[in-house]
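S.K.:
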Amino acid sequence: MTRDRRPPLPVVVTALLLALLAASLTLLLRAAAPGAGFLAGYAGTWAVFAAAVVALRHVPRRFVVPLVLAGAVAVTATGLVAAPRTSTDSYRYAWDGRVQASGVSPYDHAPADPALAGLRDDWLFPRAAVCERDGTALAPLGDGGCTRINRPAVHTIYPPVAEGWFLLVHALSPAGVRHKGLQAGSAVLALAVTGLLLGVLRRRGDPRRAALWAWCPAVPVEAVDNAHVDVLAVLLSVGALALVARRRHVAGGVLLGLAVAAKLLPAVLLPGALSGIRRPRTVAAVALTAAGTVALTYLPYVLLSDGSVLGYLSGYAREEGYDDAAAGGRYALLRLVLPDAWAPPVALLALAAVSAAVWWRGDPERPWHGALSTTGTAFLLLTPGYSWYALLLIALVALDGRWEWLGVALAGAVAYLAGPVTGTAGVTAAYGAAGGLVCATWWVVGRGRHVAGAGAWPAARWCRPPAWGRRRRGCSE
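In our numbering, the protein residues as written are 433 to 909.
1) According to DSSP, is C648 helix, strand or coil?
2) Can you tell me the Cα-Cα spacing of A694 and D521, whole angstroms?
3) Whole alpha helix (DSSP H) runs in the stretch 728-756 with 4 or more residues, listed along the chain?
4) Report yes if the CB atom of G613 is closer than 8 angstroms to the CB atom of S605, and no otherwise.
5) What does a CB cutoff of less than 8 angstroms around L570 pick up in its chain, not counting 5 residues either side in sequence?
6) Per DSSP, which residues does P572 bridge with? Please list them.
7) As a quick exercise: from P584, A514, L630, R517, pick the residue whose alpha carbon is nearest that of L548.
8) Would you call the stretch 485-493 in contact with the stretch 535-553, where contact means no fewer than 3 C-beta pairs closer than 8 angstroms?
9) Can you tell me whether L568 is buried or exposed? The criterion is at least 16 other CB atoms within 10 Å of its CB, across all chains shown.
10) Can you tell me where the alpha helix (DSSP H) with V480 in it begins and where it stops?
11) Check whether the Cβ atoms of Y539 and S746 sit closer than 8 angstroms, and answer yes or no.
12) Beta-carbon within less than 7 angstroms of A758's beta-carbon, same chain only, minus the 5 sequence neighbours each way: which residues are those?
13) List the endpoints of the continuous alpha helix (DSSP H) containing E564.
14) Who are the near neighbours of L621 in its chain, counting only those whose CB is closer than 6 angstroms to its CB and skipping five residues on each side?
15) Just to confirm, are A594 and V653 a CB contact at a threshold of 8 angstroms?
16) Classify D832 as buried or exposed, calling it buried when 16 or more other Cβ atoms lie within 10 Å of its own Cβ.
17) Going by DSSP in three states, D545 sits in which element: helix, strand or coil?
18) If you draw a straight line from the C-alpha of T860 to the C-alpha of P776, how long is it?
19) Mind listing, in chain order, the continuous beta strand (DSSP E) runs of no fewer than 3 residues lying wholly within the stretch 802-883?
20) Can you tell me the Cα-Cα spacing of L448 and A483, whole angstroms?
21) Within 10 Å of its beta-carbon, does R798 have 16 or more other beta-carbons around it, so buried, or fewer, so exposed?
22) Can you find the residues in the same chain that come closer than 7 angstroms, C-beta to C-beta, to L825, ignoring five residues on each side of it along the sequence?
23) Kindly indicate which three-state DSSP category L766 falls into: helix, strand or coil?
24) Quick one: residues in its chain with C-beta nearer than 6 angstroms to the C-beta of V682, no 5 flanking neighbours on either side, listed in chain order?
25) Applying the 10 Å Cβ sphere with the 16-neighbour rule, what's the burial state of Y763?
26) Inspect the beta-carbon positions of A705 and L728 and report whether they are closer than 8 angstroms.
27) In the DSSP assignment, find the alpha helix (DSSP H) that holds A792 and state where it starts and stops.
28) So, R453 versus V513, is the Cβ gap smaller than 8 angstroms?
29) I believe Y744 touches T588 by the beta-carbon criterion, under 8 angstroms. Please report the beta-carbon distance rounded to the nearest angstrom.
30) If you compare alpha carbons, which of L600, L702, A865, V480 is closest to A815?
31) Check each candidate in D756, L628, L697 and name the one with the smallest Cα separation from Y590.
32) Would you call G794 buried or exposed, if buried means 16 or more other Cβ atoms sit within 10 Å of its Cβ?
33) Do T714 and G685 have their C-beta atoms within less than 8 angstroms of each other?
34) On the DSSP letters alone, give me the boundaries of the alpha helix (DSSP H) that Y525 sits inside.
35) Tell whether a beta-carbon distance below 8 angstroms holds between T508 and L623.
36) Let me know if R530 comes out buried or exposed under the rule of 16 or more other beta-carbons within 10 Å of its beta-carbon.
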């Protein structure tokens, strides 16, 4: 009698769905033009992703980690098949790295500044014939030329750890590699996030949840193809929360500070990192260490730069409407019920209230639970128009298992890709549907807890069924 060595049916089904997901993403990135067609194809990849994640729930535990890793490699690699499709930010990254390599501070000159004309090449600053042919996709320069870099007349906005990453990629990339160096570096970071999530979840949760990051279509599209530096901030943020959960507060504070100095957004994680911590000494170990780390990363650039190291930050806030709600699609949900002028202060007060509740009542063993609450709330209150911001949210969903927050990430993609056509109405509808999903899930789970007396959050849905021999309560802790 021979033993059947064929993989179980759920493994086969999941592998087939992953193959379909990788093929769909490859076709999307190679063929679809940015806009409504891209959004439709992107939504289709999310549907395949959801099916693969559901199928993974039935895979025997011994197959989970190899399957998650194999899927992560296949899905992440699809982001390398084409030049950046929906964002030009990586061109600024490449320029900032080149400027630093020449010994000049990236904060001192805008790309259009003639003082840096000697650093220009035909890739980032195409010839006149290319400018005439592809003018709508390129940014004009004052001298009649053009560039692939967006906002070429303003100084860089990126903080120092991000600038260090751009310099590192520039130094390691072969000559003439163009966008591929940043994409390859981002792919490595995305896979590192997967590995870190698996390491955390094998000790504290279910490793299946890592697939919510590893297989999510936003990762190859935003983190790899568009090479957004947010993936570096995500890696540092996950590491920070993992260290804080193990009561290594100083080290966690350092990583949190590095994350903030990579992409500012991780500052919203601080209340989560302080979940349930009330001893002033421990609070200081996290908060003051993080703040000090941010200051230290800025110090070299302050000393080397002739002007402000904040770059275009204030101009960006005005441009995006964060200081004037009437200027764009920000605060879209609040503006449904409040005058425009009230939206910013009310958003600030609401976020402060959620942050205080997370800090005071949060679980120090699961800081990512509170971090997801504050980050997701910030997205629903501010309704940002850029889809790559949600990479941080997706990683937190993977840590905590509350899948309903993925709707907020998808709403960001709708706002970014369809917002220019639909205007504020499309942004409001997308984030409204995402917020409705979150509230509905909370209501259903809260009702179930009341009826059954259970103490588990939606993360418990990721526990193995009783037939797998593990108690549900222990699985969710």
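Backbone N, C-alpha and C fix where the C-beta goes; we use that ideal spot for every residue, glycine too. Only a predicted model underlies this, so the values are computations on that prediction, with no experimental measurement involved.
M.R.: Taking the structure as given:
1) coil
2) 14 angstroms
3) 745-751
4) yes
5) P558, V562, C563, C578, T579, R580
6) C578
7) P584
8) no
9) First, the residue type needs correcting, since residue 568 is Thr and not Leu in the sequence shown. With fewer than 16 other Cβ atoms within 10 Å, it is exposed.
10) 468-488
11) no
12) D772
13) 560-565
14) V663, L664, L667
15) no
16) buried
17) coil
18) 16 angstroms
19) none
20) 11 angstroms
21) buried
22) T807, G808, F811, W837, V840, A841
23) helix
24) A717, T721
25) buried
26) no
27) A small correction: the amino acid at residue 792 is Trp; Ala does not occupy that position in the sequence shown. From DSSP, the alpha helix (DSSP H) with W792 extends over 775-793.
28) Per the sequence shown, residue 453 should be read as Leu rather than Arg. Taking 8 angstroms as the Cβ cut-off, L453 and V513 do not qualify as a contacting pair.
29) 7 angstroms
30) It should be noted that the sequence gives Thr, not Ala, for residue 815. Of the candidates L600, L702, A865, V480, the one whose C-alpha sits nearest the C-alpha of T815 is A865.
31) L697
32) buried
33) no
34) 521-533
35) yes
36) buried
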